[in-house]
Amino acid sequence: MLKLGVDFGLSNTDAVLLEGETILAHQTIKTGPASSEALAAVLQSLDVRPAELRTIASAGGLSRRLPDAFEGIPIQKIGEAQAVGRGALRLAGLDEALVVSAGTGTAMVAARGSEAQHFTGSAVGGGTLLGLSRLLLGTADPLEVARLAERGNPSGVDSTLVDVIGGGIGHLPPDATAVNFGRLVDGTNPTREDLAAGLVTLVGQVIAMIAINAAQAAGLKQMVIVGHLPDLAPVREAFERVWYFYQIEPRPLIPPLAGWATAYGAALLAQDV
């Protein structure tokens with residue numbers, strides 16, 4: 440018998456199918472809010488019949504509003520922080536870490552063994568990137584935004600340290616960002632590509648800097664980044680620039696299947712019934 444883990448997000452629904460602790464299949468689909476109809480769509484997407492399942496574990500979104508069973512299969516509601524922490528640690532092969540769940544928004548969880556607690560977070564996330572992209576670029580397609588950003592240069596919109604103070608400061612080099620979108624104040628007309636690169640840099644820097652401070656405050660040396668925002672290569676590169684500038688060691692990890700960490704953790708935490 441199989442377990443189904445489902446993470447209902449604001450934008451997408453992530454699902455994993457488990458046998459024991461092994462992921463047999465994973466899927467991301469748009470279903471709308473948590474509901475029996477959404478679960479039916481998930482099962483259809485995975486080509487699984489309810490009779491094949493031992494239990495369904497749900498997390499995120501409005502999953503608490505789900506009924507206690509779906510077509511006779513028990514639904515277990517798992518706390519999102521616990522699901523994020525368990526899934527991220529297992530995917531990364533770690534015993535403890537600050538887990539940064541970068542999705543539509545950003546949650547940061549202090550995960551130690553079987554314990555996981557929401558530590559801090561930010562309203563800046565993938566939703567911020569796509570919302571601003573719709574306004575400034577005329578698209579909310581994440582792949583198009585990533586393609587534009589890869590061809591752009593954030594210094595076309597951002598003021599750098601050399602612009603503001605004439606050079607680097609401390610361990611930050613002269614080309615480090617001083618003011619996100621600072622060049623636009625004087626009426627600069629950037630290209631769409633540079634705008635996209637600036638947006639990605641803004642979102643990536645905010646998340647990375649909060650994560651650095653949160654890890655230090657929580658007393659955790661290792662960071663693990665999960666969620667679907669790191670699926671975009673320019674976002675990962677923005678993270679990496681921050682890790683490099685601030686000499687973060689050990690380097691934060693983005694494990695395989697990072698986008699399904701919460702769904703995976705929910706399934707792992709579900710009790711056998």
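FYI, the numbering for the sequence shown is 440 to 712, going by my numbering.
C-beta: ideal position from N, C-alpha, C; glycine also.
Taking residue i and residue j to be in contact with their CB atoms under 8 angstroms, please state how far apart those CB atoms are, rounded to whole angstroms.
| i | j | result |
| --- | --- | --- |
| A700 | I517 | Between I517 and A700 the Cβ distance is about 13 angstroms, and since that is not below 8 angstroms, they are no contact. |
| E519 | A541 | The pair is not a contact, with the Cβ atoms about 14 angstroms apart (cut-off 8 angstroms). |
| I664 | I693 | 5 angstroms |
| A549 | Q556 | 5 angstroms |
| A653 | T559 | 5 angstroms |
Would you decide whether residue i is buried or exposed? Buried here means 16 or more other CB atoms lie within 10 Å of its CB.
| i | result |
| --- | --- |
| S561 | buried |
| I495 | buried |
| G704 | buried |
| M662 | buried |
| V639 | buried |
| H610 | exposed |
| P593 | buried |
| A672 | exposed |
| E510 | exposed |
| V445 | buried |
Residues bridged to residue i by DSSP?
| i | result |
| --- | --- |
| A717 | Nothing about residue 717 can be read from this structure; the chain reaches only from 440 to 712. |
| I608 | L611 |
| V445 | A454 and S497 |
| I664 | V539 |
| P692 | Note that residue 692 is Leu in the sequence shown here, rather than Pro. Its beta-bridge partners are V663. |
| A700 | Per DSSP, none; premise fails for A700. |
| F509 | I512 |
Assuming residue i is part of the alpha helix (DSSP H), what are its boundary residues?
| i | result |
| --- | --- |
| A650 | R631 to A657 |
| D602 | L600 to I604 |
| P673 | A672 to F684 |
| R525 | E519 to A531 |
Please list the terminal residues of the continuous beta strand (DSSP E) segment that includes residue i.
| i | result |
| --- | --- |
| R493 | L492 to A498 |
| P513 | I512 to K516 |
| V618 | T616 to V618 |
*What are the start and end residues of each continuous alpha helix (DSSP H) run of 4 or more residues lying completely inside the stretch 534-595, in chain order?*
565-576 and 581-590
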